[in-house]
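Below is one structure, written out as structure tokens; comments come after it.
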Amino acid sequence: MQIRKSGAVTALVGFGFFASHDAVIKALGATYSTFQIAFFSVLFGMPLVMLMLVRDAKPGTLRPRHPGWVATRAGLGVVTGFSAFYAFTHLPLTEVYAILFAQPLLITALSVPFLGEKVGLRRWIAVFTGLVGVLIVLQPATTELSIGHLAALTSAICGSFVSIILRKIGAQERSAVMILYPMMANLVVMGTLMPFVYIPMPIGDLGLAAFLAVLGFCGMLGLLLAYQRAAVSVVAPMQYSQIIWAVLFGLIFFDEMPALATAIGTAVIIASGLYIVMREEGGGTTTERPVTAGRTPRGDTALGMRTGDIMRLFGLREGPLRSDKE
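Residue -8 is where the sequence shown starts when you use the working numbering, and the numbers rise one by one after that.
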């Protein structure tokens, strides 16, 4: 019991780092282009990731065994990261989280056609209920959707495909391959665009960009430690604590007050996500380890890393009842 509590607390701390990471993105986004913020986040985060990669003792080279899938995942990772950065910059934090929280629901739906997994009727109902929650947040009938809303949706959808690809080929590729290629893709794409969007940054803002990378890295380590100490049914629900941080940061730093529709829709999405996590942790109707089991959908959006990449790098076993909710 004490270990489970420790895992839950560690997960809360990890997601707290991620929420702070996203608030820093929003703060920098008031002055700088999304491309510039993402570029420096990757640049400052690379040394930390390289230190982590020395743990990859799996024999082999950096040549991927599935180059097409690895390239697709890297490309989708770039879109996922940029879209999330853009959404956090242009939308209230609570709205972005509400939309991104739909990602586990999308992963559940996508696991059927792409991985051949079986999802029971009750989980399908939970998926559709959660998507109704997204519509409540967006209010397409009464509110004009902005590019920020489309960016958040794009991030959730592309991030779901990133998780599906990881589940499909992750066991056959080195962790270094799965981490390095998305990270380098982000660096190259954002770096190529820098001459067109760059604004000189004073030392304080550069320090904030470096702090952004540190926060993302600490968040990943927090989740890693949490999964070492507790099962998915304990760790995964902790991701929803980010909405509390979003409300606090929004009120204190950005003068944001969550709309009633956002609160209602978020509650529906969270309830649906929790049902799927608990249902799959108990076994459910899947014949194989479900794609939504064992991981949260959270990852460092700029570096292109996912929690599952780091878990495999450190040799954590993903048991048959642990969910893959990356």
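Note that CB positions come from ideal geometry on N, CA and C, so glycine has one too.
| query | result |
| --- | --- |
| Simplified DSSP state of D196, which is helix, strand or coil | helix |
| Cβ-Cβ separation, L82 to A143 (assumed contact under 8 Å), whole Å | 6 Å |
| Same chain only: Cβ atoms within 7 Å of I127, ignoring 5 sequence neighbours per side | A252, I255, G256, V259 |
| Environment of M211 [buried if 16+ CB atoms lie within 10 Å] | buried |
| CB contact flag (G(-2), A201, <8 Å) | no |
| Segment contact flag, the stretch 24 to 36 with the stretch 223 to 238, C-beta cutoff 8 Å, min 3 pairs | no |
| C-alpha distance - G275 paired with K159, whole-angstrom precision | At G275 the pLDDT is 48, less than 50, meaning the model places this residue with poor confidence; the figure from the coordinates comes in the next sentence. C-alpha separation (whole angstroms): 21 Å. |
| Status (buried if at least 16 other CB within 10 Å, exposed otherwise) for K(-4) | exposed |
| F76 - containing alpha helix (DSSP H), residue span | 58 to 81 |
| Helix, strand or coil at A89 according to DSSP, with G and I counted as helix | helix |
| Bounding residues of the alpha helix (DSSP H) (the contiguous stretch that carries Y172) | 166 to 188 |
| Minimum C-alpha distance to V40 - residue among I243, G121, K17, L206 | L206 |
| The stretch 64 to 72 contacting the stretch 139 to 158, beta-carbon criterion three pairs below 8 Å | yes |
| Alpha-carbon spacing of D196 relative to H12, whole angstroms | 14 Å |
| Beta carbon of L91 nearer than 8 Å to that of A14 | no |
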